[in-house]
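These notes concern the structure reproduced below.
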Amino acid sequence: MLQQYNPKNADIQVWVNGLCHRNEAKVSVFDSVVQGGDAVWEGLRVYQGGIFCLDKHLERLEHSAKALAFSEIPAREEVKKAIFATLQANGMRDETHIRLTLTRGEKVTSGMDPRLNTKGTTLIVLAEWKPLVYDNENGIRVISSSIQRNSPKFLDSKIHHNNLLNNILAKIQANVAGVDAALMLDANGFVAELNDTNLFMAKGGVLYTPHADACLHGITRGLVIEIGRALGLQVVERNLSLTEFYNADEVFCCGTMGELTPVVAIDGRKIENKWGSSLKEQVHAAFERKVPELSEALPF
Ligand SMILES: Cc1ncc(COP(=O)(O)O)c(C=O)c1O
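With the first letter of the sequence shown counted as 1, position 166 gets the number 1201 in our numbering; the numbers rise by one all the way through.
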């Protein structure tokens, strides 16, 4: 499903180290994000007057920035203030997606060396009216990609950074194949995740997901594991091959952008539920019940 421009976003205010109209919201050509994709980011959702798992997202942003040795990481309260100010300026209390980016900042001259960054980081809060991105009713179809997800040997997937080119190349393969997303393997050929969300499968009443070695350690993934166990389900993290996914009773992906979405076909193999009941539906219903409890209320 291709996302569309939403005219409701025509006049939104965007935070780029301060608020401005979207048409004025710009970063310098000297900014690290332009020069080297040298930035970290988070995608967050606003539900009914609250930001879902806000502290977890900000903690991951801080960890990513520390791993990349950013010299000044803004205090969590400062980032929260910027997010709240942006949402308030746009009257956004629901149905909103926030793309939060922290770049290493502007350089004194073009170049790779972080010592050229003397002006502090650039914080961008892009909040848009946006419904859930995937079709959670009818599900999505995916293909396996020849592009592998990074292992810690190369660029650790635990850094949520802006060098998204391996995922983008995989997504191009999915586009060419006419499906919704690309399934990416790890360096050993086991399933890692989709190009934009984490993966789970159910077989014989047990829920499985790949180790978070080559995939992003998704916040939704963590919650699905927690909720599954709280429901009394067996949840197993292990290496999983494509063959196991082809023959699963259910496959679903998860992430902030779409919650939990059924994957109905992988490489043309239909996923057929021979188990009968749906673990995905059980977990998703419990996830929705937890949304208010896990959301930080907006102060306006
Ligand atoms: C590659 C990838 N996998 C998974 C996810 C889902 O993570 P989360 O549940 O924290 O939104 C994201 C979200 O940004 C992602 O970019």
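Note that the Cβ used here is the ideal one computed from N, Cα and C, for glycine as well.
Taking the alpha-carbon of residue i as reference, which of the options has the nearest alpha-carbon?
{"i": "residue 1291", "options": "1298, 1307, 1276 and 1326", "result": "1326"}
{"i": "residue 1128", "options": "1080, 1115 and 1141", "result": "1080"}
{"i": "residue 1206", "options": "1286, 1218, 1197 and 1198", "result": "1218"}
{"i": "residue 1243", "options": "1332, 1277 and 1093", "result": "1277"}
{"i": "residue 1140", "options": "1074, 1330, 1269 and 1050", "result": "1074"}
{"i": "residue 1283", "options": "1237, 1269 and 1299", "result": "1237"}
{"i": "residue 1036", "options": "1329, 1172 and 1319", "result": "1172"}
{"i": "residue 1199", "options": "1256, 1101, 1303 and 1184", "result": "1184"}
{"i": "residue 1320", "options": "1303, 1286, 1280 and 1263", "result": "1263"}
{"i": "residue 1333", "options": "1245, 1166, 1082 and 1322", "result": "1082"}
{"i": "residue 1050", "options": "1070, 1225 and 1125", "result": "1125"}
Could you tell me if residue i is buried or exposed, where buried requires 16 or more neighbouring beta carbons within 10 angstroms of its beta carbon?
{"i": "residue 1043", "result": "exposed"}
{"i": "residue 1040", "result": "exposed"}
{"i": "residue 1142", "result": "buried"}
{"i": "residue 1265", "result": "exposed"}
{"i": "residue 1249", "result": "buried"}
{"i": "residue 1181", "result": "exposed"}
{"i": "residue 1297", "result": "buried"}
{"i": "residue 1067", "result": "buried"}
{"i": "residue 1259", "result": "buried"}
{"i": "residue 1148", "result": "exposed"}
{"i": "residue 1046", "result": "exposed"}
{"i": "residue 1175", "result": "buried"}
{"i": "residue 1112", "result": "exposed"}
Looking at the strands, I want to know which residues DSSP matches up with residue i.
{"i": "residue 1164", "result": "1131"}
{"i": "residue 1179", "result": "1218"}
{"i": "residue 1159", "result": "1051 and 1136"}
{"i": "residue 1141", "result": "1066"}
{"i": "residue 1332", "result": "1085"}
{"i": "residue 1262", "result": "Paired residue(s): none; residue 1262 is not in a bridge."}
Segment contact, 8 Å Cβ cut-off, at least three pairs: the region 1106–1115 with the region 1268–1283
Fewer than three pairs of CB atoms, one per stretch, sit closer than 8 Å, so the region 1106–1115 makes no contact with the region 1268–1283.
Contact between the region 1153–1164 and the region 1124–1137 is defined here as three or more beta-carbon pairs at a separation below 8 Å; is this criterion met?
The region 1153–1164 is in contact with the region 1124–1137.
Please go through the region 1265–1294 and give each complete beta strand (DSSP E) segment of 3 or more residues, from N-terminal end onward.
Fully enclosed beta strand (DSSP E) runs of 3 or longer: 1269–1272 and 1285–1290.
Would you be able to state if there are at least three C-beta pairs under 8 Å between the region 1229–1244 and the region 1283–1302?
Judged by Cβ distances under 8 Å, the region 1283–1302 makes contact with the region 1229–1244, as three or more pairs qualify.
Enumerate, from N- to C-terminal direction, the unbroken alpha helix (DSSP H) stretches of 4 or more residues contained entirely within the region 1189–1260.
Counting only runs of 4 or more residues that sit fully inside the region 1189–1260, the alpha helix (DSSP H) segments are 1200–1212, in chain order.
Does the count of Cβ pairs from the region 1111–1123 and the region 1049–1063 closer than 8 Å reach three?
They touch, by the three-pair rule.
Could you tell me whether the region 1183–1201 touches the region 1301–1320, using the rule of 3 or more Cβ pairs below 8 Å?
Below 8 Å, too few C-beta pairs join the region 1183–1201 and the region 1301–1320 to call them touching: fewer than three.
Which runs of the beta strand (DSSP E) at least 3 residues long sit entirely within the region 1082–1107? Give them in chain order.
Listed in chain order, they are 1085–1087.
Spell out a yes or no on whether the region 1193–1213 and the region 1095–1102 are touching, meaning 3 or more CB-CB pairs, one atom from each, closer than 8 Å.
When C-beta atoms of the region 1193–1213 are compared with those of the region 1095–1102, three or more pairs fall below 8 Å, so the two segments count as touching.
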